[in-house]
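Here the structure is laid out as structure tokens; the discussion comes afterwards.
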Amino acid sequence: MGALNLNELVAKVDDLPSLPLVVTQVLRLTDDPEATPEDLNKVITTDQNLTARVLRLANSAYYGFARRIGTVTEAVILLGFNTIRNLVMAASVSHILEREVTGYELARGELWHHSLTAAMAARLLAREIRYRAHEQAFIAGLLHDIGKVVLSLYVSGEFQEIIRRVQEENIPFMAAEAEVLGFHHAQVGGLVAEKWNLPRELVEAVSFHHHPGQAQVDPRLTTITHAADAVSLMLGMGVGVDGLLYPLDAGCLEASGLQPSHLEKVMAAVGDSLGDSEAMWG
Ligand SMILES: [Fe+2]
Ligand SMILES: [Fe+2]
29 MGALNLNELV
39 AKVDDLPSLP
49 LVVTQVLRLT
59 DDPEATPEDL
69 NKVITTDQNL
79 TARVLRLANS
89 AYYGFARRIG
99 TVTEAVILLG
109 FNTIRNLVMA
119 ASVSHILERE
129 VTGYELARGE
139 LWHHSLTAAM
149 AARLLAREIR
159 YRAHEQAFIA
169 GLLHDIGKVV
179 LSLYVSGEFQ
189 EIIRRVQEEN
199 IPFMAAEAEV
209 LGFHHAQVGG
219 LVAEKWNLPR
229 ELVEAVSFHH
239 HPGQAQVDPR
249 LTTITHAADA
259 VSLMLGMGVG
269 VDGLLYPLDA
279 GCLEASGLQP
289 SHLEKVMAAV
299 GDSLGDSEAM
309 WG
């Protein structure tokens, strides 16, 4: 048993930065059919840093607009509410995900690349199987490993023991986490998502991304997140120690209509766009 139980860790989660108010407001506005691009402009431009990132992205090669987008209002009109919501979400959590996750031997930035790659893969997988909430899938992919950030801050003492079990007993990393700590990063991530008041299906996708069979609210979203995590690891993004022995749940993939050919297609597409996205996110 670890030095810290899950309840004590929940208390620690309170020390994590909350989701900035501007993000909460953007999430609400992009869900509101009455909201206008000017409303979004008003909220986003209260944060200069965020405004700069949104404009940088909107002008990146990734979106392929020939002319320069100079204002947030224009960006909202050209890219649409859903894309703006993703950009704002990604820009806001990047500083949390970019920390060095020592406990997991993930160098600074590696978890961020792993997460962004999973986010892109999740959106494409959603399209492949005609799952309607593509953008929700993007956010689930982006946030799925947020629990690692929390654990890495408190897990260091137990970490050597986790590694030893992974190597000597040949068990998946998350199973070793559970044995040594009594809980794992996906559970912790679910608590963070709850703290951020994210929708139930997102909390579920984060909590069960390694056990999609446990999802009840929206099993397809959780399964897409699970597959996207695997795609990101297969592309070599953020392998660290968590990349060893990734057990894919074939039954859930099949139930969601995800074929191996979908995974291969998405892997190729994401691999091609990685160069662009890195230029885009810096
Ligand atoms: Fe994970
Ligand atoms: Fe992951």
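Using the numbering used here, count along the sequence shown one by one with no gaps and you end on 310.
The beta-carbon is built from N, C-alpha and C at its ideal position, and this holds for glycine as well.
Three CB pairs or more closer than 8 Å across the region 109 to 127 and the region 159 to 179: The region 109 to 127 vs the region 159 to 179: in contact.
Are the region 248 to 267 and the region 142 to 150 in contact at 8 Å, needing three or more beta carbon pairs? Judged by Cβ distances under 8 Å, the region 248 to 267 makes contact with the region 142 to 150, as three or more pairs qualify.
Look up Ile-157 in the DSSP assignment and say whether it is helix, strand or coil. Of the three classes helix, strand and coil, the one that applies to Ile-157 here is coil, per DSSP.
Which residues in the same chain as Ala-39 place their Cβ atom closer than 8 Å to its Cβ, once the five residues preceding and following it in sequence are excluded? For Ala-39, where only same-chain residues beyond five positions count, there are no Cβ hits under 8 Å.
Spatial neighbours of Val-245 within its chain, please: CB distance less than 8 Å, with the 5 preceding and 5 following residues excluded, ordered by chain position. A distance below 8 Å between beta-carbons, with the five flanking residues on each side excluded, links Val-245 to the following residues of its chain, in chain order: Arg-228, Glu-229 and Glu-232.
Please state whether DSSP places Ile-214 in a helix, a strand or coil. In the sequence as displayed, the identity of residue 214 is Ala instead of Ile. It is helical.
Any residue with its C-beta under 5 Å from a non-hydrogen atom of ligand 2 counts. Can you list them all in chain order? Working through the chain, the matches are Asp-173 and Asp-257.
I need the straight-line Cα distance from Gly-98 to Arg-84, nearest angstrom please. The C-alpha of Arg-84 is placed about 10 Å away from the C-alpha of Gly-98.
For Ser-284, collect the residues of the same chain with a Cβ closer than 6 Å to its Cβ; drop the 5 residues on either side in sequence, then sort them by chain order. Once the five neighbours on either side are set aside, the close Cβ partners of Ser-284 are Arg-248 and Thr-251.
Excluding the 5 residues flanking Gly-299 on each side, which residues of the same chain have their C-beta closer than 7 Å to its C-beta? Excluding residues within five positions, the ones whose Cβ falls inside 7 Å are Leu-263.
How close, in whole Å, do the beta carbons of Gly-241 and Gly-279 come, if the pair is a contact with beta carbons under 8 Å? Right, their Cβ atoms sit about 7 Å apart.
Thr-64, buried or exposed, once every other Cβ within 10 Å from all chains shown has been counted against 16: Classification for Thr-64: exposed.
Gly-175, buried or exposed, once every other Cβ within 10 Å from all chains shown has been counted against 16: Gly-175 comes out buried.
Can you look up Phe-201 in the DSSP assignment and give me helix, strand or coil? Phe-201: helix per DSSP, three-state reduction.
Is it right to say Asp-75 is buried, meaning 16 or more other beta carbons lie within 10 angstroms of its own, or is it exposed? It is buried - the Cβ of Asp-75 has at least 16 other Cβ atoms within 10 Å.
What would DSSP say about Gly-175, mapped onto helix, strand or coil? The three-state secondary structure of Gly-175, taken from DSSP, is helix.
Presumed contact (8 Å Cβ cut-off) between Val-104 and Leu-139, rounded CB distance: Contact between Val-104 and Leu-139 is ruled out by a C-beta separation of about 29 Å, above the 8 Å threshold.
For Ile-157, which of Leu-55, Ala-296, Leu-281 and Met-202 has the nearest alpha-carbon? Per the Cα distances, Leu-281.
Buried or exposed (CB count within 10 angstroms, at least 16 for buried), Leu-49: With fewer than 16 other CB atoms across the displayed protein chains lying within 10 angstroms of its CB, Leu-49 is exposed.
What did DSSP end up calling Phe-236 once you bin it into helix, strand or coil? Coil, per DSSP.
Glu-205 burial status per 10 Å Cβ neighbour count (16 or more: buried): That one is buried.
Residues near Thr-73 in its chain [Cβ-Cβ closer than 8 Å; skip 5 each side]: For Thr-73, where only same-chain residues beyond five positions count, the Cβ hits under 8 Å are Thr-79 and Val-100.
Taking the C-alpha atoms as reference points, what is the distance between Val-294 and Phe-236? Just so you know, the alpha carbons of Val-294 and Phe-236 end up roughly 22 Å apart.
Over the uninterrupted alpha helix (DSSP H) stretch that includes Asn-77, give me the two end residues. Its alpha helix (DSSP H) spans residues 76 to 86.
So what's Asp-257 in DSSP terms, helix, strand or just coil? Asp-257 falls in the helix class under three-state DSSP.
Under three-state DSSP, which class holds Val-51? Val-51: helix per DSSP, three-state reduction.
Does the distance from the CB of Val-51 to the CB of Ile-124 come in under 8 Å? Not a contact, by the Cβ cut-off of 8 Å.
Between the Cα of Tyr-182 and those of Glu-163, His-212 and His-162, spot the shortest distance and give me the residue it belongs to. Of Glu-163, His-212 and His-162, the smallest CA-CA separation from Tyr-182 is found for His-212.
Buried or exposed by the 16-neighbour rule on C-beta atoms within 10 Å, applied to Gln-188: When all chains shown are included, Gln-188 counts as exposed.
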